[in-house]
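Chains F and Y are the protein sequences, given in the same order.
Every letter in the first sequence is one number past the one before it in my numbering, and letter 470, counting from 1, is 656.
Every letter in the second sequence is one number past the one before it in my numbering, and letter 91, counting from 1, is 277.
Below is one structure, written out as structure tokens, with a few remarks after it.
2 protein chains.
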Amino acid sequence: MPEISPAIHDPQGQEKQQQAAGVGILLQIMMLVLSFVLGHVLRRHKFYYLPEASASLLIGLIVGGLANVSNTETSIRTWFNFHDEFFFLFLLPPIIFQSGFSLQPKPFFSNFGAIVTFSVLGTFVASIVTGVLVYLGGVMFLMYRLPFVECLMFGSLISATDPVTVLSIFQELGSDVNLYALVFGESVLNDAMAISLYRTMSLVRSHSAGQNFFMVIIRFLETFVGSMSAGVGVGFTSALLFKYAGLDVDNLQNLECCLFVLFPYFSYMLAEGLSLSGIVSILFTGIVMKHYTYSNLSTNSQRFVSAFFHLISSLAETFVFIYMGFDIAMEKHSWSHVGFIFFSILFIVIARAANVFGCGYLVNLARPAHRKIPMTHQKALWYSGLRGAMAFALALQSVHELPDGHGQTIFTATTAIVVVTVLLIGGSTGTMLEALEVVGDSRDTSLGDGFEVVNNRYMTRFDDEGSPSESGFRTKLREFHKSAKSFSELDRNYLTPFFTSNNGDYDEDDDINNDQHHEERIPFTRRGNFNNRGLNF
Amino acid sequence: MPEISPAIHDPQGQEKQQQAAGVGILLQIMMLVLSFVLGHVLRRHKFYYLPEASASLLIGLIVGGLANVSNTETSIRTWFNFHDEFFFLFLLPPIIFQSGFSLQPKPFFSNFGAIVTFSVLGTFVASIVTGVLVYLGGVMFLMYRLPFVECLMFGSLISATDPVTVLSIFQELGSDVNLYALVFGESVLNDAMAISLYRTMSLVRSHSAGQNFFMVIIRFLETFVGSMSAGVGVGFTSALLFKYAGLDVDNLQNLECCLFVLFPYFSYMLAEGLSLSGIVSILFTGIVMKHYTYSNLSTNSQRFVSAFFHLISSLAETFVFIYMGFDIAMEKHSWSHVGFIFFSILFIVIARAANVFGCGYLVNLARPAHRKIPMTHQKALWYSGLRGAMAFALALQSVHELPDGHGQTIFTATTAIVVVTVLLIGGSTGTMLEALEVVGDSRDTSLGDGFEVVNNRYMTRFDDEGSPSESGFRTKLREFHKSAKSFSELDRNYLTPFFTSNNGDYDEDDDINNDQHHEERIPFTRRGNFNNRGLNF
Numbered sequence: 187m188p189e190i191s192p193a194i195h196d197p198q199g200q201e202k203q204q205q206a207a208g209v210g211i212l213l214q215i216m217m218l219v220l221s222f223v224l225g226h227v228l229r230r231h232k233f234y235y236l237p238e239a240s241a242s243l244l245i246g247l248i249v250g251g252l253a254n255v256s257n258t259e260t261s262i263r264t265w266f267n268f269h270d271e272f273f274f275l276f277l278l279p280p281i282i283f284q285s286g287f288s289l290q291p292k293p294f295f296s297n298f299g300a301i302v303t304f305s306v307l308g309t310f311v312a313s314i315v316t317g318v319l320v321y322l323g324g325v326m327f328l329m330y331r332l333p334f335v336e337c338l339m340f341g342s343l344i345s346a347t348d349p350v351t352v353l354s355i356f357q358e359l360g361s362d363v364n365l366y367a368l369v370f371g372e373s374v375l376n377d378a379m380a381i382s383l384y385r386t387m388s389l390v391r392s393h394s395a396g397q398n399f400f401m402v403i404i405r406f407l408e409t410f411v412g413s414m415s416a417g418v419g420v421g422f423t424s425a426l427l428f429k430y431a432g433l434d435v436d437n438l439q440n441l442e443c444c445l446f447v448l449f450p451y452f453s454y455m456l457a458e459g460l461s462l463s464g465i466v467s468i469l470f471t472g473i474v475m476k477h478y479t480y481s482n483l484s485t486n487s488q489r490f491v492s493a494f495f496h497l498i499s500s501l502a503e504t505f506v507f508i509y510m511g512f513d514i515a516m517e518k519h520s521w522s523h524v525g526f527i528f529f530s531i532l533f534i535v536i537a538r539a540a541n542v543f544g545c546g547y548l549v550n551l552a553r554p555a556h557r558k559i560p561m562t563h564q565k566a567l568w569y570s571g572l573r574g575a576m577a578f579a580l581a582l583q584s585v586h587e588l589p590d591g592h593g594q595t596i597f598t599a600t601t602a603i604v605v606v607t608v609l610l611i612g613g614s615t616g617t618m619l620e621a622l623e624v625v626g627d628s629r630d631t632s633l634g635d636g637f638e639v640v641n642n643r644y645m646t647r648f649d650d651e652g653s654p655s656e657s658g659f660r661t662k663l664r665e666f667h668k669s670a671k672s673f674s675e676l677d678r679n680y681l682t683p684f685f686t687s688n689n690g691d692y693d694e695d696d697d698i699n700n701d702q703h704h705e706e707r708i709p710f711t712r713r714g715n716f717n718n719r720g721l722n723f
Numbered sequence: 187m188p189e190i191s192p193a194i195h196d197p198q199g200q201e202k203q204q205q206a207a208g209v210g211i212l213l214q215i216m217m218l219v220l221s222f223v224l225g226h227v228l229r230r231h232k233f234y235y236l237p238e239a240s241a242s243l244l245i246g247l248i249v250g251g252l253a254n255v256s257n258t259e260t261s262i263r264t265w266f267n268f269h270d271e272f273f274f275l276f277l278l279p280p281i282i283f284q285s286g287f288s289l290q291p292k293p294f295f296s297n298f299g300a301i302v303t304f305s306v307l308g309t310f311v312a313s314i315v316t317g318v319l320v321y322l323g324g325v326m327f328l329m330y331r332l333p334f335v336e337c338l339m340f341g342s343l344i345s346a347t348d349p350v351t352v353l354s355i356f357q358e359l360g361s362d363v364n365l366y367a368l369v370f371g372e373s374v375l376n377d378a379m380a381i382s383l384y385r386t387m388s389l390v391r392s393h394s395a396g397q398n399f400f401m402v403i404i405r406f407l408e409t410f411v412g413s414m415s416a417g418v419g420v421g422f423t424s425a426l427l428f429k430y431a432g433l434d435v436d437n438l439q440n441l442e443c444c445l446f447v448l449f450p451y452f453s454y455m456l457a458e459g460l461s462l463s464g465i466v467s468i469l470f471t472g473i474v475m476k477h478y479t480y481s482n483l484s485t486n487s488q489r490f491v492s493a494f495f496h497l498i499s500s501l502a503e504t505f506v507f508i509y510m511g512f513d514i515a516m517e518k519h520s521w522s523h524v525g526f527i528f529f530s531i532l533f534i535v536i537a538r539a540a541n542v543f544g545c546g547y548l549v550n551l552a553r554p555a556h557r558k559i560p561m562t563h564q565k566a567l568w569y570s571g572l573r574g575a576m577a578f579a580l581a582l583q584s585v586h587e588l589p590d591g592h593g594q595t596i597f598t599a600t601t602a603i604v605v606v607t608v609l610l611i612g613g614s615t616g617t618m619l620e621a622l623e624v625v626g627d628s629r630d631t632s633l634g635d636g637f638e639v640v641n642n643r644y645m646t647r648f649d650d651e652g653s654p655s656e657s658g659f660r661t662k663l664r665e666f667h668k669s670a671k672s673f674s675e676l677d678r679n680y681l682t683p684f685f686t687s688n689n690g691d692y693d694e695d696d697d698i699n700n701d702q703h704h705e706e707r708i709p710f711t712r713r714g715n716f717n718n719r720g721l722n723f
């Protein structure tokens, strides 16, 4: 909250400050409008080389550059400094909530094992690999030398990928639901993982003596499970509230919506207040609220809240890129470390390969033949590892936390990586995905023949797969998958009747196999579509 | 924007701060939820002695008091200090925009002359009367003595009335449309007037030599007209944009809504950036956008934006009262000036009487017999002069601007006045209005016989009223009224066809007289009703 009006005894100064705020916010709104309009025009002309996020970043960079050249007043500039606190408290929550809220539960849960593997184990691997490589690079005098823990901090913050751009292109071009679920789920959970890892490493650094590796893992799991429980708990509470409060009558719509939109934020702040991870918490609140609470709302409110969260998150997303671009153009950077930047880019490419192909191998071990993740999907997943606002915000925090030169180096490198990946990968994703033949409207992609059987049928079939030739490891992996199936039954038989007003008529599952051939491709208007309950997928 | 994370080299400190923010915001959300639920329960039990605003203020006061007693950490407390900048930049704009947006143009414009008289001339009179009385009180040693200009500053800030509570009670009980339009219009425009007056006085104080009374008036008019033009200009621009951009197709709804919700804020910040009054500007943008831009939206977006602005402004309104209550409980007050508080309350009662009954007399001079404002309405208007957040925020600014004791005295007095009026007047408005027989569902109120003829018919009839016995002053006042009529024709013949897609089928006006007997009372769900275009009133 603003602390920009110190106790001055000069009304003109006060008025000037308010004027500066006005100009600053005015500029921001103009850039937002410009981004939306530009993004719309580019999309309408099917120009995929400059996605909306890249366009926003560019607009921010350009306006920031102009402001730099034209010596804009400091009082206006302060409105553009990227405040990590503002990002974490106000911009991030709606984006992450919308991720959970717009998540299609079926493909997500049917790929749950793979998603968790990629995002938890994979991000862990990527962070360690990046950290170790950067440390070795330092030892070998290839690049600026950082202490090992700081290398790991850099490794974890730079492993947070950004879903916005890639997913929007997937939606434009139409994509396989499973690939979409993988990319989506990975990038969402991965943020939560990266931020937890970063915080853990940062704690390790400050009490470097007392903690060992085991404690770090415990602490991490504690945070993750605690946050998830908090999020799910808040979600269930909201479901019960809306089930029994009887607010779904016409003239209470405003009250209903007010309460509904407060819950996600409540979940985020509850977790933060308990020193847990707000982003993990709000993500699960989003999933639970969409699955249970949402169906207890009146129809009008359902329409409204979907559009509301979509709107808020679009604004926040676009704003984040503009804000970042502007800040990059304005901040001091220590460009002396070009070597550091170059090698970091190389290392994150390697680390992401280790993550995706390593975890892909593991997942495929556990999956039956017709469900293997094809190499093209793995490549697409590897390629879609843009770095965005999360990495940027964490790097900005590291400037505050680490001794002078170190934080600055990490920040500059992260900045460069963000700009390069958003502009290059963002611009080329369309081409790349088309080259891999995983997108487009044609049906003759390189999918396995049983691949269309996405949801229950896959799960049902899965039970009879346990052949005696399996290794113990495989069996464990498969049991993990089975838990997803039993969750699905638990959901239908107990959770849904308990938390929602639909008693027993929850038949969307049964319809899926009938129309899945028509639904397999993600339609253009998926996210903007009002009437899409997001379940009959 | 937050500047609460200074460059600390301690990750734990950083995490602690984020935790404090989490706890602070969590508390705020819980109070919001509590207010909404409590307000709903009270309303359902038709308990009008504690309206929602008073309940919110009380909740804030209680929680603030508890936080004070329990020695809550400073890092959490900072989240509750009322920052006037936060109020003016983020909480106020949605509230004022919603006022303009939900305004029923017909009764507003048919009472336009009266509203402007009450809010511009009346507020001016009230400010001067309060200021002079406070100054005289000081001279006569009745109360703390302030310099004359500061008395006028106090007079203008304390003349800003708050519409929220009274209007919500009017809506609950059902009220005459003309009285509603008067109270509504007066309290909305009056805020703009009071803030402009306050700023002008504050400028006069800092360059006390160079300016005379005439210049003050000029400067005030400049601000007012400039802001109004800016607001109307932005509104018309948005109307043209939405008319020609072709965004009203289904899958562009999100883009349409994003752009729509950015315009009001753009208008506010444009005016602030130009050193004009954002609140006047956004009010007129609201009126214009509802009247023209709104009808260029797709039906879904129309529904959405109505609900969106209603939601945002409800949240902001409720939050303002909580925030104010909490801050009042936490701030230091110089309670030594009980005399000042007592006499100020007496003086503002007198000043508001001067405003309402004086202007009421003037307005009745100009109105034909069947349109006179009855005494009961004038009394209701006089009684509904709650002081709320606007007065509070300006008083907080005065603490920064004025030398120590003075600002503090003004602030304490304002705080006391806000609490007293919100709790006392808010709680008794229902009883009072019923005693005056201006509310309730019965139709036998003390209205003049021609009084139902609210809209066009009145206007049309009005032309033939100019009897030769009128004084020159009366004629002038009537001409002012006629301009409202010619505006109505200008609107129908030129503005509406030019700015909206309705070409010529703008027939809502013609239907009004047929069903006005059913529509005369404001229905319970007026503000929450989706399908209410707000024109067929």
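Virtual Cβ for every residue (Gly too), placed ideally from N, Cα, C.
Being a predicted model, the structure only gives us computed values, none of them experimental.
Same chain only: Cβ atoms within 7 Å of T347(F), ignoring 5 sequence neighbours per side: Within the same chain, T347(F) has close Cβ partners S373, N376, G571, L572, R573.
Cutoff 6 Å; reference D701(Y); Cβ partners in own chain excluding five residues on either side: Caution applies to D701(Y), whose pLDDT of 39 falls short of 50 and renders its modelled position unreliable; the model cannot decide the point.
3 or more residues per run - each beta strand (DSSP E) lying fully within the region 220-294 of chain Y: Correct list: empty.
Short CB-CB distance (under 7 Å) between H592(F) and chain Y: It does not: the Cβ of H592(F) has no partner Cβ on chain Y nearer than 7 Å.
G593(F) versus T504(Y): straight-line alpha-carbon distance, rounded: Annotation: G593(F) to T504(Y) spans about 42 Å, alpha carbon to alpha carbon.
Integer Cβ distance of V350(F) from A239(F), believed to fall under 8 Å: Confirmed, Cβ separation roughly 5 Å.
CB contact check: N440(F) to chain Y, cutoff 7 Å: Flagged as an interface residue toward chain Y: N440(F), by a C-beta distance shorter than 7 Å.
Inside the region 291-345 of chain F only - alpha helix (DSSP H) runs reaching at least 4 residues: List check, alpha helix (DSSP H) in window: 291-296, 298-302, 309-325, 334-343.
Identity of the residues DSSP links to R405(Y) by a beta bridge: According to DSSP, R405(Y) bridges with nothing at all.
Same chain, Cβ closer than 7 Å to C545(F), neighbours up to 5 away in sequence not counted: Answer for C545(F): T303, F304, L307, G308, listed in chain order.
CB contact check: G448(F) to chain Y, cutoff 7 Å: The sequence shown places Leu at residue 448(F), rather than the Gly named in the question. It does: the Cβ of L448(F) has a partner Cβ on chain Y nearer than 7 Å.
Distance CB(G208(F))-CB(E271(Y)) smaller than 7 Å: Contact flag unset, no.
In DSSP terms, what D348(F) is bridged to: Under DSSP, D348(F) forms no beta bridge with any residue.
Rounded straight-line distance, which links the Cα of K558(F) to that of A552(F): Rounded to the nearest angstrom, the two C-alpha atoms are 9 Å apart.
Chain F within 7 Å of C337(Y), Cβ atoms only: For C337(Y), no Cβ of chain F is located within less than 7 Å of the residue's own Cβ.
CB contact flag (N550(F), A312(F), <7 Å): Their beta carbons are not under 7 Å apart, which means N550(F) does not touch A312(F) by this criterion.
Sub-7 Å separation of I282(F) and I468(F) beta-carbons: Yes.
Whole-Å CB distance - M510(Y) paired with G246(Y), under 8 Å assumed: That belief holds up - the Cβ atoms of M510(Y) and G246(Y) are roughly 6 Å apart, short of 8 Å.
K476(F) - containing alpha helix (DSSP H), residue span: 464-477 is the span of the alpha helix (DSSP H), which, as asked, contains K476(F).
The ligand GTP heavy atom lying under 6 Å from the CB of I404(F): Only the bare structure without any ligand can be found here, which leaves the ligand GTP out of the picture.
Buried versus exposed call for E146(Y) [16 or more other C-beta atoms within 10 Å across all chains shown]: The structure shown does not extend to residue 146(Y), since chain Y is modelled only from 187 to 723, so the question has no answer here.
6 Å CB neighbourhood of G690(F) in its chain, flanking five on each side removed: Confidence in G690(F) is poor, its pLDDT being 45 and thus under 50, which makes the residue's placement too unreliable to answer from.
Short CB-CB distance (under 7 Å) between Q205(Y) and chain F: It does; some Cβ of chain F falls within 7 Å.
Where Q204(F) falls, given that 16 or more other Cβ within 10 Å makes a residue buried: Per the 10 Å Cβ criterion, buried.
Alpha-carbon to alpha-carbon, I514(Y) and S260(Y): The sequence given here has Thr at residue 260(Y), not Ser. The straight-line gap from Cα to Cα measures roughly 16 Å.
Inter-residue Cα distance where the pair is L567(Y) and L610(Y): Here the C-alpha atom of L567(Y) lies approximately 16 Å from the C-alpha atom of L610(Y).
H226(Y): contacting residues in chain F (beta-carbon distance under 7 Å): Here the neighbours are L441.
Candidates S296(Y), T485(Y), V390(Y): closest to F334(Y) by CA position: It is V390(Y).
Beta-carbon spacing of S415(F), C444(Y) below 7 Å: Their beta carbons are not under 7 Å apart, which means S415(F) does not touch C444(Y) by this criterion.
Cutoff 7 Å; reference F222(Y); Cβ partners in own chain excluding five residues on either side: Setting aside the 5 residues that flank it on each side, F222(Y) is surrounded in the same chain by T504, each with a C-beta closer than 7 Å to its C-beta; the list follows chain order.
Inter-residue Cα distance where the pair is D362(F) and L289(F): C-alpha of D362(F) to C-alpha of L289(F): approximately 15 Å in a straight line.
CA nearest to the CA of T471(F), picked from I215(F), H226(F), Y454(F), L588(F): When each option's Cα is compared against that of T471(F), the closest is Y454(F).
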